[in-house]
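Position 62 of the sequence shown, counted from 1, bears residue number 324 in the numbering used here, the numbering being contiguous throughout. Working notes, structure below.
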Amino acid sequence: MAALYACVAALPRDRTFGNARTGRRLVEEMTQQARRLGSLAAPGLEDLRMPLPEDLPDSRPSRV
C-alpha cells in the first residue's frame, strides 16, 4: 500500500486534486494487476486485495 500512497502523493495539487475523476483514472490505469493475476493459477484473497508497486501506473500525471 505504500506504493499506492506514493503514487497518489506524486499527483500535482492543482485545482483538480481530490477530484473523483483522478481516483477513477488511477484505478482504471491499474491494468497491470489484472494481467499479473490472470497469470496465476489460483490467486488468493491477498493477491486480489493488494496491488504491488509494479501494478501501479507511472507516477506522472496523465491529463485527458
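We treat Cβ as the ideally placed atom computed from N, Cα and C, and that holds for glycine. Just so it is clear, the structure is predicted and the values come from calculations on it, not from any experiment.
Taking each of M292, P305, L302, A304 in turn and checking the Cα distance to L318, the smallest one comes out for M292.
Cβ atoms of L314 and P305 stay farther apart than 8 Å, at about 12 Å. Per DSSP, reduced to three states, the secondary structure at R277 is coil, with no helix or strand assignment.
Cβ atoms of L288 and F279 stay farther apart than 8 Å, at about 12 Å. Rounded to the nearest whole angstrom, the CA to CA distance from R283 to A303 is 33 Å.
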